[in-house]
Amino acid sequence: MAITIRQLIQYKQQGRPIVALTAWDYTIAQLLDVAGVDLILVGDSMSVILGYDTTLPLTLEETLHHAKAVRRGVRHALMVVDLPFLTYQESIQQAMHSAGLALKEAGGQAVKLEGGYPAMVETIARLVQAGIPVMGHVGLTPQSVHQIGLRQQGKTETDRQRILQEAIALEQAGVFSIVLEHIPSDLALEITDKLSIPTIGIGAGPHCDGQVLVTSDVLGLSEKQPPFAKAYANLRETITKAVQDYSFEVRQQKFPQK
Ligand code: KIV
Ligand code: NA
35 MAITIRQLIQ YKQQGRPIVA LTAWDYTIAQ LLDVAGVDLI LVGDSMSVIL GYDTTLPLTL
95 EETLHHAKAV RRGVRHALMV VDLPFLTYQE SIQQAMHSAG LALKEAGGQA VKLEGGYPAM
155 VETIARLVQA GIPVMGHVGL TPQSVHQIGL RQQGKTETDR QRILQEAIAL EQAGVFSIVL
215 EHIPSDLALE ITDKLSIPTI GIGAGPHCDG QVLVTSDVLG LSEKQPPFAK AYANLRETIT
275 KAVQDYSFEV RQQKFPQK
């Protein structure tokens, strides 16, 4: 049975942790889906597989191209598509257009937009009114890297209050869930308690209603990974070894066999 937004909200009420991961292609999406992940995010973190240093250069076209591949691999999980930088901040119209493509062309079931400042809350409210499910994202928002860097957010009292108020405003605007990235765990707990929609944490401690990580970090495939990520495998090592073994056998004329 395919996971619905209603179910994810029920998971929070039942105290059942939500499992989320990112996917950028068919192969990984299909593996995650069969493994039983609840929510698959076509994150703009796909920037790393395109060789970009930040998420800023990623285009909507690139996102849609990858999202369509993910769609073909996902049957069970809820599929959420990240809108890339400056494909939704310009105007409500622009956001509606981009989100529309993510749903109509790529087959996503929801979109994720960064930020909880008043103009973004208004944009999100309009998308939700139009029938587009939206996931919020506050705390460290990597599309603002040149303003805030990649450090933990919500360290000062003013910042904590701002992030809490943003989360509350996003819930009122109608988001069905919200990503809390790289904030202190007691702040994530406070937000999680105050909201009736599920919080999905990344680098936000154990008190969120669910957790998300970038799949290449979980698999040990990333060149560098954030301090809060955990690698459950070492694919860099596995791949390097396999390629070296193959190269050796070809050069030694051991593969293929006669
Ligand atoms: O792009 C991404 O992968 C994300 C998650 C890590 C939340 O936004
Ligand atoms: Na993202």
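For any residue, its number in this note's numbering is found by taking its place in the sequence shown, counting from 1, and adding 34.
Think of the CB as a built atom: it goes at the ideal place given N, C-alpha and C, for glycine as much as any other residue.
These figures come from a predicted structure and were not determined experimentally.
Option nearest residue i by Cα separation, candidates the options
i, options, result
"Ile-202", "Thr-192, Gln-47, Asp-243, Asp-227", "Asp-227"
"Leu-73", "Glu-95, Met-130, Gly-107", "Gly-107"
"Ile-273", "Ala-36, Pro-218, Arg-109, Gly-254", "Gly-254"
"Tyr-122", "Gln-47, Thr-61, Leu-90, Gly-235", "Leu-90"
"Met-35", "Ala-133, Asp-116, Gly-70, Asp-78", "Gly-70"
"Leu-94", "Leu-84, Ser-132, Leu-65", "Ser-132"
"Asp-87", "Val-155, Gln-199, Gln-128, Gln-259", "Gln-259"
"Phe-262", "Gly-149, Ile-197, Leu-247, Val-284", "Leu-247"
"Leu-221", "Val-213, Phe-210, Ala-238, Pro-232", "Ala-238"
"Cys-242", "Ile-217, Glu-257, Val-252", "Ile-217"
"Asp-78", "Glu-257, His-99, Pro-51, Thr-61", "His-99"
"Ile-62", "Ile-52, Met-80, Pro-51", "Met-80"
Short Cβ contact (8 Å threshold) for residue i with residue j
i, j, result
"Leu-174", "Glu-215", "yes"
"Gly-244", "Ala-54", "yes"
"Ala-153", "Gly-208", "no"
"Val-172", "Leu-147", "no"
"Leu-204", "Gly-235", "no"
"Val-82", "Ser-250", "yes"
"Thr-97", "Val-114", "no"
"Gln-177", "Phe-119", "yes"
"Pro-232", "Tyr-45", "yes"
"Gly-117", "Val-76", "The sequence shown places Leu at residue 117, rather than the Gly named in the question. For Leu-117 and Val-76, no; Cβs fall outside 8 Å."
"Asp-67", "Arg-109", "yes"
"Gly-142", "Glu-200", "no"
"Ile-225", "Leu-198", "yes"
"Val-252", "Tyr-266", "yes"
"Ile-182", "Thr-157", "no"
"Ser-211", "Leu-42", "yes"
Beta-ladder partner(s) of residue i, from DSSP
i, result
"Gly-237", "Note: Gly-237 sits in no beta bridge, so no partner."
"Gln-286", "Answer is none; Gln-286 lacks a bridge partner."
"Gln-245", "Val-53, Gly-235"
"Ile-74", "Leu-55, Met-113"
"His-171", "Val-213"
"Lys-146", "Asp-116, Met-169"
Residue i Cβ short of 7 Å to the ligand FAD heavy atom set
i, result
"Leu-184", "Ligands displayed in this structure: the ligand KIV and the ligand NA; the ligand FAD is not among them."
Fill in: contact_flag[the stretch 137-151, the stretch 182-191] where n(CB pairs < 8 Å) is 3 or more
no
Fill in: Nearest-residue set for the ligand NA, Cβ under 5 Å from any heavy atom
Gly-77, Asp-78, Asp-116
Practice prompt. Count the CB pairs spanning the stretch 42-59 and the stretch 90-109 that are closer than 8 Å, and state whether there are at least three.
Written response: yes
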